[in-house]
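With the working numbering applied, the sequence shown covers 69 to 439. Notes to accompany the following structure.
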Amino acid sequence: MTRVNKTIAVVSGDGIGPEVIRAAISILEECASAFGHSFEFIELPFGGIAIDRCGEPLPAETLNACRKADAVLLGAVGGAKWDSQPLTGRPEAGLLTLRKELGLYINLRPVKLFDSLRAISPVRLNEDEMIDLEIVRELAGGIYFGPRQISGTEASETASDTEIYSTKEIERVAVYAFQRATARRKRLVSIDKANVLASSGLWRKTVERLARDFSEVKLESFYVDNAAMQLVLRPAQFDVMLTSNMFGDILSDEAAGLAGSIGLIPSMSLGNGTALYEPIHGSAPQLAGKNSANPIGAILCAAMLLRESFGLHHEAAAVEKAVDHALAAGFRTPDIAREGSRAISCSEMAGRVAAVLAESTMEAEKYGWGV
Ligand code: IPM
Ligand code: MN
Numbered sequence: 069m070t071r072v073n074k075t076i077a078v079v080s081g082d083g084i085g086p087e088v089i090r091a092a093i094s095i096l097e098e099c100a101s102a103f104g105h106s107f108e109f110i111e112l113p114f115g116g117i118a119i120d121r122c123g124e125p126l127p128a129e130t131l132n133a134c135r136k137a138d139a140v141l142l143g144a145v146g147g148a149k150w151d152s153q154p155l156t157g158r159p160e161a162g163l164l165t166l167r168k169e170l171g172l173y174i175n176l177r178p179v180k181l182f183d184s185l186r187a188i189s190p191v192r193l194n195e196d197e198m199i200d201l202e203i204v205r206e207l208a209g210g211i212y213f214g215p216r217q218i219s220g221t222e223a224s225e226t227a228s229d230t231e232i233y234s235t236k237e238i239e240r241v242a243v244y245a246f247q248r249a250t251a252r253r254k255r256l257v258s259i260d261k262a263n264v265l266a267s268s269g270l271w272r273k274t275v276e277r278l279a280r281d282f283s284e285v286k287l288e289s290f291y292v293d294n295a296a297m298q299l300v301l302r303p304a305q306f307d308v309m310l311t312s313n314m315f316g317d318i319l320s321d322e323a324a325g326l327a328g329s330i331g332l333i334p335s336m337s338l339g340n341g342t343a344l345y346e347p348i349h350g351s352a353p354q355l356a357g358k359n360s361a362n363p364i365g366a367i368l369c370a371a372m373l374l375r376e377s378f379g380l381h382h383e384a385a386a387v388e389k390a391v392d393h394a395l396a397a398g399f400r401t402p403d404i405a406r407e408g409s410r411a412i413s414c415s416e417m418a419g420r421v422a423a424v425l426a427e428s429t430m431e432a433e434k435y436g437w438g439v
């Protein structure tokens, strides 16, 4: 097997970010030693902690190191301490700038309900149904990046944000969504609010025109309000969902809830340069430092990173399988534990996954990688 030598920029950020990223790194280290790879981790200040230390959420040194790395692994940013800052100086602004500067216009959020967690999903599914969908979220445009304005004073203030999309911006992310759907169950639902918004009208027209180039894929366009309801009523109908920046942010939290916990869901951001991997949950300040966050979203980020940035398919599959086994064996962090049942800590969960991984790689070495 080929051995790789890679550098990973680590921006673990605030709140539970450092805890879950530590867990993901422990799994990557386990992988490196089991498969003979060498990963160098470069930890960098980012988010609120960087505001405290360096006076800004995304120091130039951090951005440069991310650009040079083979992949970026990110925890979460934000917290009450920085909430009073103006929007442009907040940890969240650092995250948006990082995405923009790295040219990351695609964000993939796979939402899968593990078999062993069916009982904790808030939706009722028939036995033959599953939740296995991917949200392809536009990440570099829309209302997150359009002009903002605040004017007036005291009781008569006015504030605005602007949703802008161009044909080009819609096409480049839509093509990726069609490709994902082609490789999966060949169904794509594009989300918009074309009955009200001009930007959504362009979104729908552009996606529907592109559909002619992907005749294998069945495309439907849903209004976002209907999509939010359909997700709760019949989540099994979805394969790939294509969304604007804002709609994807909202619908991915909803979909994550259906899978049992937002702590379980990874994401990958792609574009012109280095890819970035981050769990979709926030910094959860109320959990920070308690070693009780769910590291699975971050660990699944590590698996995506191995597959998509390093081409290490066996390794990625082994990590995913180890997560599946640890959950099937009944290990639960508090967010996914049923009331009254025992929960383990963030680091213990990582240890359980690492142990299954070590065991399975030893088996594979003995019996070949087909197992
Ligand atoms: C996410 C987060 C971010 C977003 C915030 C922290 C800026 O909610 O990645 O989903 O809105 O994109
Ligand atoms: Mn979000």
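Each residue gets a CB set at the ideal place from its N, CA and C atoms; glycine is no exception. The structure displayed is predicted, hence computed values, not measured ones.
In terms of alpha-carbon separation, which member of Ile-95, Ser-267 and Pro-113 lies closest to His-105?
Nearest to His-105 by C-alpha distance, out of Ile-95, Ser-267 and Pro-113, is Ile-95.
Once DSSP output is grouped into helix, strand and coil, what is the label at Met-309?
Three-state result, Met-309: strand.
Closest residue to Leu-355 among Pro-402, Glu-322, Ala-323 and Ala-324 (Cα-Cα distance)
Measuring from the Cα of Leu-355, the nearest candidate turns out to be Pro-402.
Check whether the Cβ of Ile-211 sits closer than 7 Å to any heavy atom of the ligand IPM, and report yes or no.
Distances between the C-beta of Ile-211 and the heavy atoms of the ligand IPM are all 7 Å or more.
Taking buried to mean at least 16 other C-beta atoms within 10 Å of its own C-beta, is Ala-77 buried or exposed?
Answer is buried; the Cβ neighbour count reaches 16.
Cβ atoms of Val-275 and Ile-62: under 8 Å apart, would you say?
Nothing can be reported for residue 62, as the shown portion of the chain is limited to 69 through 439.
Return the chain-ordered list of same chain residues with a C-beta closer than 6 Å to the C-beta of His-393, the five sequence neighbours on each side being excluded.
Cβ within range, chain order: Val-424.
List the endpoints of the continuous alpha helix (DSSP H) containing Ser-267.
266 to 278 is the extent of the alpha helix (DSSP H) around Ser-267.
Please tell me whether Gly-162 and Gly-123 are closer than 8 Å, where the distance is taken between their beta carbons.
The answer is no: Cβ separation not under 8 Å.
Which of the three DSSP states is assigned to Ser-237 in this structure?
At residue 237 the sequence reads Glu, which differs from the Ser that was named. The three-state secondary structure of Glu-237, taken from DSSP, is helix.
Taking any heavy atom of the ligand MN as the mark, which residues have a C-beta closer than 7 Å to it, listed down the chain?
Working through the chain, the matches are Asp-317, Ser-320, Asp-321, Ile-348 and Gly-350.
Here's the rule I'm using: 16 or more other beta-carbon atoms within 10 Å means buried, otherwise exposed. How should Pro-86 be labelled?
With a 10 Å radius around the Cβ and a threshold of 16 neighbouring Cβ atoms, Pro-86 comes out buried.
What do you get for Val-264, buried or exposed, if any count of 16 or more other CB atoms within 10 angstroms of its CB means buried?
With fewer than 16 other Cβ atoms from the protein chains shown falling within 10 Å of its own Cβ, Val-264 counts as exposed.
Tell me whether Glu-160, by its Cβ, gets closer than 7 Å to a heavy atom of the ligand IPM.
Closer than 7 Å to some heavy atom of the ligand IPM: that describes the Cβ of Glu-160.
Glu-288 (DSSP reduced to helix, strand or coil):
Glu-288: strand per DSSP, three-state reduction.
Could you compute how far the alpha carbon of Leu-164 sits from the alpha carbon of Glu-129?
Distance between the alpha carbons of Leu-164 and Glu-129 is about 17 Å.
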